[in-house]
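Colleague:
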Amino acid sequence: MIQKTTNKMILQVTLFVFITLVLTVAFAIIQQKTGLSFEKISLPQLAPAVVVLILFFIFKNLPARINLNFDKVILTKSLLALAVPAFLFAIAFFIGKYLNLNVKITENLSTLLPVMITGMVIGAFAEEIGWRSFLQPILEKKNSVLVASILVGVIWGLWHVGHYKSGLLFMTGFLLFTISASIIIAYLLRGTEYNLIISAIFHLSINVCFLVFFHNSMADSKFMLVNGLVWLIPAIGIVVLTGKDLIRIY
193 MIQKTTNKMI
203 LQVTLFVFIT
213 LVLTVAFAII
223 QQKTGLSFEK
233 ISLPQLAPAV
243 VVLILFFIFK
253 NLPARINLNF
263 DKVILTKSLL
273 ALAVPAFLFA
283 IAFFIGKYLN
293 LNVKITENLS
303 TLLPVMITGM
313 VIGAFAEEIG
323 WRSFLQPILE
333 KKNSVLVASI
343 LVGVIWGLWH
353 VGHYKSGLLF
363 MTGFLLFTIS
373 ASIIIAYLLR
383 GTEYNLIISA
393 IFHLSINVCF
403 LVFFHNSMAD
413 SKFMLVNGLV
423 WLIPAIGIVV
433 LTGKDLIRIY
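Under our numbering, residues 193 to 442 are what the sequence shown spells out, in order.
1. Under 8 Å, do ALA392 and PHE317 count as touching if we go by C-beta distance?
2. Roughly how many whole angstroms lie between the Cα atoms of LEU267 and LEU433?
3. Identify, in the order they occur along the chain, each residue of the same chain with its Cβ nearer than 6 Å to the Cβ of PHE394, setting aside the five sequence neighbours on each side.
4. For GLY429 and MET308, what's the separation of their Cα atoms in angstroms?
5. In whole angstroms, what is the alpha-carbon distance linking SER397 and ILE250?
6. Could you tell me which of VAL242, LYS414, ILE202 and THR198 sits nearest to GLY359, measuring between CA atoms?
7. Can you say whether ARG324 is buried or exposed, counting buried as having 16 or more other CB atoms within 10 angstroms of its CB?
8. Contact between the segment 325-344 and the segment 367-385 is defined here as three or more beta-carbon pairs at a separation below 8 Å; is this criterion met?
9. In chain order, what residues of the same chain lie with their CB nearer than 7 Å to the CB of PHE184, ignoring the 5 residues before and after it?
10. On the three-pair Cβ rule with 8 Å, is the segment 361-372 touching the segment 252-262?
11. Grab me the residues of LEU350's own chain with a C-beta within less than 6 Å of its C-beta, minus the 5 sequence neighbours each way, in chain order.
12. ASN519 bridges to which residues according to DSSP?
13. Suppose the cutoff is 7 Å on Cβ atoms and the five residues either side in sequence are ignored; what does the same chain contact list for LEU215 look like?
14. Identify the continuous alpha helix (DSSP H) that holds ILE250 and give its terminal residues.
15. Taking all protein chains shown into account, decide if LYS357 is buried (16 or more other Cβ within 10 angstroms of its Cβ) or exposed.
16. Please state the DSSP three-state secondary structure of ASN419.
17. Should SER409 be labelled buried (16 or more other beta-carbon atoms within 10 Å of its own) or exposed?
18. Tell me the residue span of the alpha helix (DSSP H) that contains PHE326.
19. Between THR364, ASN399, ASN261 and LEU213, which lies nearest to LEU424 when the distance is taken from Cα to Cα?
20. Does the distance from the C-beta atom of VAL422 to that of ILE283 stay below 8 Å?
21. With H, G and I counted as helix, E and B as strand and the rest as coil, what does DSSP make of ALA220?
22. Identify every run of the alpha helix (DSSP H) within the segment 279-329, keeping only runs that are complete inside it and at least 4 residues long; order them along the chain.
What follows is the structure, given as structure tokens:
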């Protein structure tokens with residue numbers, strides 16, 4: 193019975209990753225060929241949510257938790273989810289300035305942000321339905337929160353296939369960032385039943401901060417490595433301070 197459950201989990205995760213990748217590439221090609229851009233939505237960002245919907249029709253009792261409950265705890269953690277990425281990106285930005293990297297505040301933000309914010313919100317929720325409302329809880333069935341978070345972070349980072357052209361150093365920094373961000377998000381989600389509002393706000397904050405601080409240097413390998421290392425510090429701190437909580441298999 194245990195082996196059967198494990199095999200089912202592996203199948204679900206494998207299908208999710210494979211179909212998400214295929215659909216992401218397909219959506220990217222469609223958007224590129226047609227120029228389709230309603231409310232500046234990036235179609236590839238919709239892929240994780242669409243795949244979860246597909247898997248609902250394939251499997252019974254799919255362990256996806258699309259939880260939109262809201263209370264004082266969720267409000268507090270949502271505010272943290274908004275502030276933490278902004279704080280860490282600001283640190284990375286000022287370190288980049290100190291190191292004379294090509295980083296600067298994006299111009300015309302008052303024009304860009306209102307146009308892009310709706311698409312960013314939709315994209316953040318769509319991605320997080322896949323990453324933290326499906327993939328995280330299913331991986332936690334047979335792994336600790338820490339291992340599940342690392343796996344989600346790796347898959348999330350590698351899913352950004354458009355970044356591969358920026359080279360190995362860039363992807364190393366980017367993976368450090370996505371793994372660290374996954375650990376921090378998992379920490380915020382503790383005791384909330386994988387609340388989608390928290391994870392989506394965290395993701396939205398990341399996307400807005402990239403636009404604000406690093407829109408002009410997104411392909412800069414040195415910056416991405418600095419950013420990854422900045423995010424790694426609090427992630428390690430969480431692992432050290434929470435002791436056995438993140439490494440226990442529930």
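C-beta atoms are modelled at their ideal positions from N, C-alpha and C, and glycine is treated no differently.
Modeller: In brief:
1. Going by beta carbons, ALA392 and PHE317 fall inside the 8 Å limit.
2. For the pair LEU267 and LEU433, the Cα-to-Cα distance works out to about 23 Å.
3. Cβ within range, chain order: ALA273 and ILE377.
4. One C-alpha to the other measures close to 33 Å.
5. About 33 Å.
6. The option with the nearest alpha carbon to GLY359 is LYS414.
7. Buried, since its Cβ has 16 or more Cβ neighbours within 10 Å.
8. A contact exists between the segment 325-344 and the segment 367-385.
9. Within the shown structure, residues of the chain are numbered from 193 to 442, placing residue 184 beyond reach of any answer.
10. No, the segment 361-372 does not touch the segment 252-262.
11. Excluding positions up to five away in sequence, the list is empty.
12. The shown model of the chain, from 193 to 442, leaves out residue 519, and the question about it has no answer.
13. Around LEU215: ALA239, VAL242 and VAL243.
14. Segment 239-250, the alpha helix (DSSP H) holding ILE250.
15. Under the 10 Å beta carbon count, LYS357 is surrounded by fewer than 16 other beta carbons and is classified as exposed.
16. Secondary structure at ASN419: helix, using DSSP grouped into helix, strand and coil.
17. Answer is buried; the Cβ neighbour count reaches 16.
18. Secondary structure note for PHE326: it is in no alpha helix (DSSP H), with a DSSP letter that is neither H nor E.
19. That would be THR364, whose Cα lies nearest to the Cα of LEU424.
20. It is a contact, given that the beta carbons lie within the stated cut-off.
21. Here ALA220 sits in helix by DSSP.
22. Every unbroken stretch of the alpha helix (DSSP H) spanning 4 or more residues and falling wholly within the segment 279-329 is given here in chain order: 301-322.
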